[in-house]
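Quick note, my numbering runs 1 ahead of the 1-based positions in the sequence shown.
In this text, a Cβ means the ideal position worked out from N, Cα and C, and glycines have one as well.
What you are looking at is a predicted structure, and each value in this text was computed from that prediction instead of being measured.
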Amino acid sequence: MKFTDGFWRIRDGVQISYATEVRDVRAESKRFTSYASTKKVTRRGDTLNAPLVTVDCFSPAEGVVGVRVTHHAGKRRPGPDFALAAEAGGAGEVRRDGAVTELTSGPLTLRLDADSGFGLTFLDARGRELTRSGAKGTAYATTTAEGAHHVLSRLSLGVGEHVYGLGERFTPFVKNGQTVDVWQADGGTSSEQAYKNVPFYLSSRGYGVFVNHPGAVSFEIGSESVGQVQFSVEDQTLEYYVIAGPTPKDVLGRYTALTGRPALPPAWSFGLWLSTSFTTSYDEATVTSFVDGMAERGIPLSVFHFDCFWMREYQWCDFRWDPEVFPDPEGMLARLKDKGLRVSVWINPYIAQKSPLFDEAAALGHLVRRPDGDVWQWDLWQAGMGLVDFTSPDARAWFQSKLKALLDQGVDCFKTDFGERIPTDVVWHDGSDPARMHNYYTHLYNRTVFELLEKERGQGEAVLFARSATAGGQQYPVHWGGDCWSSFEAMAESLRGGLSLSLSGFGFWSHDIGGFEGTPDPEVFKRWLAFGLLSSHSRLHGSTSYRVPWEFGDEAVDVARQFTLLKHRLMPYLYGAAAEAHRTGVPMMRPMLLEFPADPACRPLDRQYMLGPDLLVAPVFGADGDVEVYLPEGTWTHLLSGERVTGPCWRTERHGYDSLPLYVREGAVLPLAGDESRPDGDWLEAPVLLVHPSGASDYAAEVTVPDAAGLPAATFHVRRDGDALRVTASGTDRPFTVRVQGGAEASGSGEVSVPVS
């Protein structure tokens with residue numbers, strides 16, 4: 002929200018009071034509180050009839066400094082609040098030297114100099130200024146028309162500093178110059194609205210900022226004051242955290258330690274998912290024809306998904322198979338399981354009035370109500386639908402009981418759709434503030450479903466396909482990019498959204514291959530196949546038309562087969578990256594700046610990414626196959642063709658549908674599965690280590706192959722020994738093959754030596 006009218010004036014109907022002068026500082030060992038007047042005090046009388054802003058400074062964890070700005074402290078706080086993993090008693094150490102008070106937590110220091118007017122400066126471990134809230138940087142504002150009270154802060158932007166994140170946003174990747182309102186909306190992928198709003202941004206200067214407020218947060222990123230990021234909430238209190246680096250990976254590590262690390266999805270979920278599509282006609286015969294058609298064409302399938310119309314029309318959700326279309330759901334699910342498939346079904350948190358569950362849920366008090374006690378209802382999406390009140394433990398248990406019946410039938414996972422259209426003219430069971438619950442609702446929804454899956458299937462076997470999320474939602478993967486068009490432009494905007502989400506702490510992300518709305522041209526579909534199967538998770542899904550590859554020609558079938566088998570071969574490497582995301586918060590799909598933060602050319606790149614630490618992927622966004630790709634410093638080897646290129650350089654390449662820029666980083670060792678028929682096979686059965694050695698005489702590397710739980714199953718140590726590479730295995734005595742890219746290969750167990758030029 003903008004409060005000023007240019008640099009000099011305040012907007013009509015707005016009054017702003019800025020924290021101006023430090024009047025007192027009360028320091029403890031690990032925190033301090035500053036009291037700031039909103040004008041200069043020259044005599045005692047100036048303290049009368051004047052506000053005082055309270056600014057609490059503290060550290061919930063090492064490398065994280067929190068600032069809480071409060072005008073009136075007496076406002077009720079009904080919640081909800083983000084659940085943060087703060088250290089007991091807090092972290093950090095406070096030092097005072099005259100007018101200067103400093104709070105240091107790990108590599109981050111917050112400095113307040115009371116002699117220089119009110120201002121907060123954040124310094125890194127070398128004493129370098131990361132950002133500051135200077136003059137007019139802390140304030141509260143009131144608006145006459147709305148009668149609203151806002152608290153706002155501004156943090157400086159350095160010259161050339163870029164801002165990223167703020168959830169899955171489809172607008173330009175670098176957020177400088179944008180207004181971003183953190184407010185859940187079902188807006189597709191072609192607007193400034195977002196399904197996944199996260200009040201966290203990451204800076205190219207090596208720090209992050211998290212605004213600890215689950216409701217509406219408005220960001221002006223160099224869009225009101227061009228040298229500052231402003232964030233504001235309609236409240237009496239604003240709390241934010243500055244999170245130290247120095248690298249972007251360090252920032253994400255600290256941020257996800259605070260808000261939650263992503264669970265590790267099961268290995269089978271990384272295979273290809275196929276859907277019925279949304280409004281298309283289907284029954285068991287249709288489903289079987291799709292599944293058998295994939296098998297006949299040699300395209301391995303891991304998950305089959307039933308979209309909305311597995312239930313009866315007008316009755317979403319009643320969690321009952323449409324008996325006219327699926328008279329034998331248990332038998333059908335068993336038959337799909339016999340084909341080696343997992344099964345996903347679509348759900349949402351709404352109960353239509355025609356559903357038999359509506360009266361049941363209403364009578365039990367499980368539906369959200371209006372202030373007058375009536376059940377909140379509307380006709381958008383489903384006629385007369387109500388909303389499950391997940392703030393009620395009994396409602397959560399009730400909802401889980403309906404899903405458990407499906408799990409007992411043989412369903413393995415759920416697509417948790419919607420969760421964004423949450424009203425604010427309601428009363429919640431636990432008394433939550435409706436404005437704060439609007440964004441937070443999706444967190445309760447996805448947590449409810451995910452916890453049931455973990456309970457019933459076991460830890461490590463739970464996975465969702467979720468559309469909406471907010472801060473902390475990364476704990477319940479996987480998330481997909483929502484409703485996009487079937488075009489190259491939508492393919493590119495989907496990738497932008499995914500990269501923004503990855504810099505918001507989400508480790509796993511997917512999208513609808515070929516696009517959701519409309520029917521893609523074969524050219525779009527084939528290019529999207531390569532992109533989709535080189536993403537964290539891969540799903541074929543559409544709205545009004547099917548997405549089976551043969552609908553788009555024989556070549557589409559070949560492309561689908563090729564990239565599905567390639568992903569299966571890459572699974573030991575990919576699951577290692579997935580385990581890293583689970584342990585550290587570093588996402589699988591990584592914007593280039595995450596791996597190469599010191600390379601200025603990588604900072605704006607939004608049409609390519611690193612898949613794990615060593616694979617560079619640049620999807621092709623045109624039918625002609627032309628693509629621009631940037632290769633950072635080092636020697637890069639094309640995984641499919643073996644071509645070697647020395648960076649840094651920009652290249653314009655042309656690729657057929659069976660290829661795209663897919664480069665392996667110098668020094669990498671890629672573990673490849675011997676079995677390409679499935680994503681969750683035995684990765685130590687005849688694995689191949691594809692080595693891309695550097696030219697250094699002391700080259701050494703190691704790679705770990707994980708087990709199904711993401712734990713180390715075997716580690717391979719590679720070192721150059723004169724004209725040979727010696728590879729030793731620990732944790733396994735089974736045979737393996739070492740293949741030097743473009744050179745020799747050898748097989749053995751224990752230790753293998755391969756000549757290298």
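Give me whichever residues DSSP pairs with residue i in a beta bridge.
i      : result
PRO200 : BP columns for PRO200 are empty, so no partner.
LEU690 : PRO672, VAL739
TRP347 : LYS416
PRO215 : Per DSSP, none; premise fails for PRO215.
ASP6   : ARG10
ALA725 : ASP722, PRO756
ARG129 : Paired residue(s): none; ARG129 is not in a bridge.
ARG28  : What sits at residue 28 in the sequence shown is Ala, not Arg. PHE33.
HIS151 : ALA142, GLU235
SER511 : TRP481
LEU111 : LEU104, PHE123
THR636 : THR647
GLN179 : ILE222
From residue i to residue j, what does the alpha carbon distance come to, in whole angstroms?
i      : j      : result
LEU641 : ILE244 : 40 Å
THR392 : GLN185 : 18 Å
LEU661 : VAL525 : 14 Å
PRO108 : ARG127 : 8 Å
VAL412 : ASP676 : 26 Å
LEU468 : ASP380 : The displayed chain sequence assigns Arg, not Leu, to residue 468. One C-alpha to the other measures close to 21 Å.
LYS250 : GLY586 : 8 Å
ARG528 : ALA619 : 11 Å
ALA599 : VAL66  : 25 Å
VAL757 : LEU726 : 6 Å
ARG608 : SER495 : 10 Å
GLY515 : ARG313 : 27 Å
VAL621 : VAL560 : 14 Å
ILE352 : PHE83  : 27 Å
LEU594 : ARG604 : 5 Å
SER224 : ARG77  : 32 Å
ASP409 : ALA335 : 11 Å
VAL54  : TYR19  : 9 Å
ARG570 : ALA296 : 18 Å
GLY207 : PRO550 : 43 Å
LEU265 : GLY533 : 20 Å
ILE222 : VAL646 : 37 Å
Anyone know if the C-beta pair for residue i and residue j falls short of 8 Å?
i      : j      : result
PRO435 : THR443 : no
PHE211 : PHE201 : yes
SER191 : HIS538 : no
GLY474 : ASN447 : yes
ASP390 : VAL369 : yes
TYR242 : ASN213 : yes
ASP16  : THR143 : A small correction: the amino acid at residue 16 is Gln; Asp does not occupy that position in the sequence shown. Result yes, Cβ atoms of GLN16 and THR143 sit closer than 8 Å.
ASP284 : PHE327 : yes
LEU504 : PRO601 : no
PRO263 : PRO478 : yes
GLU629 : MET611 : no
GLU22  : PHE119 : yes
VAL304 : TRP274 : yes
LEU762 : ARG32  : In the structure as shown, the chain begins at 2 and stops at 758. Residue 762 is therefore absent and cannot be evaluated.
PHE415 : PRO350 : no
LEU729 : LEU685 : Checking the displayed sequence, the identity of residue 729 turns out to be Thr instead of Leu. No, these two residues do not count as a Cβ contact at 8 Å.
How close, in whole Å, do the beta carbons of residue i and residue j come, if the pair is a contact with beta carbons under 8 Å?
i      : j      : result
ARG548 : SER511 : Their Cβ separation, rounded to whole angstroms, is 14 Å, which puts ARG548 and SER511 out of contact at 8 Å.
SER356 : GLN316 : 4 Å
ALA714 : PRO707 : 6 Å
SER544 : SER278 : 7 Å
LEU691 : ARG655 : That pair is no contact at about 25 Å.
LYS456 : PHE320 : Not confirmed; about 17 Å, so no contact.
PHE307 : VAL346 : 5 Å
GLN401 : GLY387 : About 18 Å separates the two Cβ atoms, so there is no contact after all.
GLY613 : THR705 : Actually they are not in contact, since the Cβ atoms of GLY613 and THR705 sit about 12 Å apart, beyond 8 Å.
At least one CB of chain D closer than 8 Å to the CB of residue i: is that the case?
i      : result
CYS309 : Given the protein chain composition of this structure (a single chain), no chain D is represented.
(Q) Taking contact to mean 3 or more Cβ pairs, one atom from each stretch, closer than 8 Å, check whether the segment 628-646 and the segment 661-673 are in contact. (A) A contact exists between the segment 628-646 and the segment 661-673.
Q.
When you compare the segment 109-120 with the segment 20-31, are there three or more beta-carbon pairs, one atom per stretch, that lie closer than 8 Å?
A. Short answer: they touch.
Q: State whether the segment 491-500 contacts the segment 162-182, with contact taken as three or more CB pairs (one from each stretch) at a distance under 8 Å.
A: With a cut-off of 8 Å, the segment 162-182 and the segment 491-500 count as touching, because enough Cβ pairs lie within range.
Q: Would you check if the segment 221-237 and the segment 254-262 touch, i.e. whether three or more CB-CB distances between them fall below 8 Å?
A: Under the Cβ criterion (8 Å, minimum of three pairs), the segment 254-262 does not count as touching the segment 221-237.
Q | Sufficient close CB pairs (3 or more, under 8 Å) joining the segment 149-166 to the segment 38-52 | A | In short, these stretches do not touch, since the Cβ pair count stays below three.
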